[in-house]
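Participant: To start, I am sharing the structure in question, which I have written as structure tokens.
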Amino acid sequence: HYLKVPAIKLDLGIVHFGFADKEGNASFPENLFLKRQFCEQEIATASKEVIASVEKIVPKVKSPIIKNAFIAEAEFGCHPGASNGYYIPDLEHYKEYVKLCKENKFDKYLDKYVFIGYEEYLEKIGKDRLNKLRLKSSR
């Protein structure tokens, strides 16, 4: 037996792509992490409006996965997670997160990494550490 439920239309979806153009077309490079996309396209399709952070802005996206998104350029904007075609997950960062959560210090994690600005976050993680996560094909 199946239950038919109408789809939910999100007001706003926030996703991260590899690159986009200024017209709001976004996509991934060909060298996908684990050779697949995750749920970015599904989130975008289910949303009335989409904000897409991207690793870089390019002149023109030839085969967009999504169109008409609001674009925000944010290199390493998916950290500590992976960004398809650009870098792998930061497993050391995830270990720190889990450790703090197990110690009931989630608020400490938020203060240290979330409630700060983008530039301060990148500086706190460190360029050397971030560059070690880059895929060789994106260097």
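Under the working numbering, the first residue of the sequence shown is numbered 6, with each subsequent residue one higher. Every residue, glycine too, gets a C-beta built ideally from N, C-alpha and C. Predicted model, so just to flag it, every value in this text is computed and none were measured.
Taking only the alpha-carbon atoms, compute the straight-line gap between Ala-51 and Lys-14 and give it to the nearest angstrom.
Facilitator: Translated into the one-based positions of the sequence shown, residue 51 becomes position 46. Translated into the one-based positions of the sequence shown, residue 14 becomes position 9. Taking the straight line joining both Cα atoms gives about 5 Å.
Participant: On the criterion of 16 or more Cβ atoms from any shown chain inside 10 Å, does Leu-138 qualify as buried, or is it exposed?
Facilitator: Numbered from 1 along the sequence shown, position 133 holds the residue referred to as residue 138. Classification of Leu-138: buried, given that the 10 Å Cβ count is 16 or more.
Participant: Which whole runs of the beta strand (DSSP E) in the region 48-88 are 3 residues long or more, in chain order?
Facilitator: Counting whole runs of 3 or more residues, the region 48-88 contains the beta strand (DSSP E) stretches 52-62 and 75-78.
Participant: Report yes if the CB atom of Ser-88 is closer than 7 Å to the CB atom of Glu-124, and no otherwise.
Facilitator: The residue given as residue 88 occupies position 83 in the sequence shown. The residue given as residue 124 occupies position 119 in the sequence shown. The answer is no: Cβ separation not under 7 Å.
Participant: Please confirm if the region 63-74 is in contact with the region 19-31, defined as three or more CB-CB distances below 8 Å between the two stretches.
Facilitator: yes
Participant: Do you know offhand how far Ala-90's Cα is from Glu-45's?
Facilitator: On the sequence shown, position 85 is the one that residue 90 refers to. On the sequence shown, position 40 is the one that residue 45 refers to. One point to set straight first is that residue 90 is Gly, not Ala, in the sequence displayed. Near 14 Å, if we compare the C-alpha coordinates of Glu-45 and Gly-90.
Participant: Kindly identify the DSSP beta-bridge partner or partners of Phe-22.
Facilitator: As a position in the sequence shown, residue 22 is number 17, starting the count at 1. The partner list for Phe-22 (beta bridge, DSSP) reads Val-59.
Participant: When DSSP labels each residue in this structure, what does Tyr-114 get in the three-state scheme?
Facilitator: Translated into the one-based positions of the sequence shown, residue 114 becomes position 109. The answer is helix: DSSP assigns Tyr-114 an H, G or I state.
Participant: Can you pull the DSSP bridge partners for Ser-32?
Facilitator: On the sequence shown, residue 32 is found 27 positions in, with the first residue counted as 1. DSSP lists Phe-24 as partners of Ser-32.
Participant: At what residues does the alpha helix (DSSP H) containing Cys-106 begin and finish?
Facilitator: Here residue 106 refers to the residue found at position 101 when the sequence shown is read from its first residue. Where Cys-106 is concerned, the enclosing alpha helix (DSSP H) stretches over 96-107.
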